[in-house]
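Novice: Could you have a look at this structure, given as structure tokens, before my questions?
In full-length UniProt numbering, the protein residues as written are 1 to 246.
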């Protein structure tokens with residue numbers, strides 16, 4: 001008989017639990033203090049605030065998931081206008097250097113770890129042939145990132161932040177292209193969402209998704225964007241508390 005692999009969720013190690021708690025606490029504190037990166041992509045003043053989705057400086061690819069939220073919060077708090085981020089080593093490899101005294105922003109990276117399965121008492125499990133029964137566990141590891149504005153000596157292609165067009169028209173209403181960017185931001189997080197003609201935006205634990213007004217409502221209602229982003233922004237906290245999936 002071939003070796004059997006289990007994909008059942010395993011108990012989180014203490015370090016994993018601590019990291020999940022750090023992230024959850026980070027988001028809760030930001031909400032309590034009124035730090036609102038959720039508003040900037042929707043109604044930022046021209047030439048100020050966040051420049052779209054956070055980018056990996058050396059590849060130009062977007063960050064996703066909770067890293068989008070963590071990097072937005074850090075950029076909002078520290079006033080960064082550049083949306084490019086990198087590790088200390090990546091800055092050096094690009095020919096630059098992190099400025100003295102600058103502090104890193106916590107992000108995370110998921111990696112699968114294959115280990116021998118155990119029962120609730122910690123006993124190792126084997127299949128009918130006596131071979132170890134394996135399971136794949138998603139491991140969450142800390143990733144320390146620096147914004148391009150915290151570095152010096154970087155080449156232009158690594159440090160340059162793309163120019164951003166105005167986000168609102170003369171009446172203060174979201175431009176269509178900005179609305180499309182907002183939708184792309186939602187998709188990049190990996191959070192499921194559904195649009196319905198209604199007057200509220202919220203997280204629905206039963207289906208693990210955000211329910212929000214249709215796109216046309218965002219263009220007409222000045223407060224729809226922030227409300228929707230608030231629901232999106234709190235998903236990691238709600239999911240961790242209600243489902244235990246972090």
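Positions of the beta carbon are idealized from the N, C-alpha and C atoms, including for glycine.
Using the Cα positions of residue 41 and residue 62, report the straight-line distance between them to the nearest angstrom.
Specialist: Caution is warranted here: a pLDDT of 38 is assigned to residue 41, below 50, making its placement in the model unreliable, and no coordinate value can be reported.
Novice: If we count the other Cβ atoms within 10 Å of its Cβ and call it buried at 16 or more, is residue 160 buried or exposed?
Specialist: With fewer than 16 other Cβ atoms within 10 Å, it is exposed.
Novice: Starting from residue 109 and walking both ways along the beta strand (DSSP E), at which residues does that stretch end?
Specialist: 105 to 116
Novice: Have a look at the DSSP bridge pairing and note the partners of residue 146.
Specialist: 86
Novice: So is residue 190 buried or exposed if we call it buried at 16+ other beta carbons inside 10 Å?
Specialist: exposed
Novice: Using the Cβ count rule (16 or more neighbours within 10 Å means buried), how would you classify residue 91?
Specialist: buried
Novice: CB-CB under 6 Å to residue 36, same chain, minus the five flanking residues each way: which ones, in chain order?
Specialist: Any reading at residue 36 must be qualified, since the residue scores a pLDDT of 49, below 50, and its modelled position is unreliable; no value is offered.
Novice: Residue 100 to residue 89, Cα distance in whole Å?
Specialist: Roughly 14 Å between the two C-alpha positions.
Novice: CB-CB under 6 Å to residue 124, same chain, minus the five flanking residues each way: which ones, in chain order?
Specialist: 116 and 118
Novice: Between the beta-carbon of residue 19 and the beta-carbon of residue 143, is there less than 8 Å?
Specialist: no
Novice: What's the gap between the Cα of residue 81 and the Cα of residue 212?
Specialist: Their backbone Cα atoms lie some 28 Å apart in a straight line.
Novice: Per DSSP, what are the beta-bridge partners of residue 55 in this structure?
Specialist: 62 and 84
Novice: Between residue 64 and residue 111, what straight-line distance do the alpha-carbon atoms span, to the nearest angstrom?
Specialist: 15 Å
Novice: Between the Cα of residue 148 and the Cα atoms of 184, 102 and 135, which residue gives the shortest distance?
Specialist: 102
Novice: Would you list the residues sitting across from residue 28 in a DSSP beta bridge?
Specialist: Looking at the DSSP assignment, residue 28 forms no beta bridge with any residue, so it has no partner.
Novice: Straight-line CA distance for residue 130 to residue 138?
Specialist: 25 Å
Novice: Could you please give the first and the last residue of the uninterrupted alpha helix (DSSP H) stretch that includes residue 211?
Specialist: Looking at the DSSP string, residue 211 is not in any alpha helix (DSSP H); the run it does join, the beta strand (DSSP E), is 209 to 212.
Novice: Take residue 152 and list the residues in its own chain whose beta-carbon comes closer than 7 Å to its own, dropping the five residues that flank it on each side.
Specialist: These residues qualify, in order along the chain: 96, 97 and 99.
Novice: Mind checking whether residue 71 and residue 105 have CB atoms under 8 Å apart?
Specialist: Yes.
Novice: From residue 22 to residue 108, what does the alpha carbon distance come to, in whole angstroms?
Specialist: 11 Å
Novice: Check for me: the beta strand (DSSP E) holding residue 194 runs from which residue to which?
Specialist: 193 to 195
Novice: Helix, strand or coil: how does DSSP classify residue 154 here?
Specialist: coil
Novice: Tell me which residue opens and which closes the beta strand (DSSP E) that residue 204 is part of.
Specialist: Unbroken beta strand (DSSP E) run through residue 204: 202 to 204.
Novice: Let me check understanding here. Comparing Cα to Cα, which of 199, 78 and 158 lies closest to residue 93?
Specialist: 158
Novice: Would you list the one or two residues that DSSP bridges to residue 73?
Specialist: Paired residues: none, contrary to the question.
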